[in-house]
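Count the sequence shown with mature numbering (1 follows the signal peptide of the UniProt record, and there is no 0) and you get residues -24 to -1, 1 to 150, in order.
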Amino acid sequence: MSKHFALSLIAAAVLATSSLTGHAHGPSSDNDHSASPPEQQAWGILGDESAVDREVDIRMDDTMRFYPDHLDVEEGETLRLVIHNDGQLLHELVLGTPEELAEHAALMARFPNMEHDDPWMVHVDPGQAQDLIWTFNRAGRFDFACLLPGHFEAGMQGSVTIAADDDSSHASHH
């Protein structure tokens, strides 16, 4: 058996196995991340439902826009983002750095059925809504976007500005 053929078999086995455990960019994604501990990202960490500071509605539609397309957040604030899809097409909201979102969008263009289910993204079927609870515990500017093929390129992007919490007693502000 050639080395190339053996590597191809291993790659096929890994892909087959990952398709059994992952979620596709599609309607079946349930975004249940309770099985693994939250992982810190540059733009924050998966939030705890019991620690939500406020709820923000974000609407998206087939004009390839988010409404609002900018959020101002305090460092340490936990938001329940209620993402509504008012369009006829599947859309998603993915949090990240501008560089990571652009890189991921390019991958999605090449592999539109790429499977993944990260806690910083939600897929929303037409006429439906999904919650994303996120703690923005790092100051800075980050983005959100729909990375389905063509959507990002059409301008379906927004930003989040997280203001540094100069007071270490953030919890006392609520």
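Where is the CB? At the ideal position from N, CA and C, for every residue including glycine.
What's the C-alpha gap between residue 116 and residue 101?
30 Å
If you pair each beta-carbon of the region 41 to 48 with each one of the region 93 to 100, do three or more pairs fall below 8 Å?
No, because fewer than three Cβ pairs between the region 41 to 48 and the region 93 to 100 fall closer than 8 Å, the two stretches do not touch.
Can you check whether the CB of residue 138 is closer than 7 Å to the CB of residue 49?
Yes, the pair counts as a contact, with Cβ atoms nearer than the cut-off.
If you follow the beta strand (DSSP E) that residue 108 is part of, which residue opens it and which one closes it?
105 to 112
In angstroms with no decimal places, state the Cα-to-Cα distance between residue 111 and residue 125.
28 Å
From the DSSP output, which residues share a beta bridge with residue 57?
32 and 108
Does the distance from the C-beta atom of residue 55 to that of residue 32 stay below 7 Å?
Against a cut-off of 7 Å, the Cβ pair of residue 32 and residue 55 comes out as a contact.
Bridge partners for residue 134 per DSSP, in chain order?
120
Here's a check: name, in chain order, each residue in its chain whose Cβ is nearer than 7 Å to the Cβ of residue 113, leaving out the five neighbours to either side.
Around residue 113, the same chain offers 20, 21, 51 and 52 as residues with beta carbons nearer than 7 Å, after the five sequence neighbours per side are excluded.
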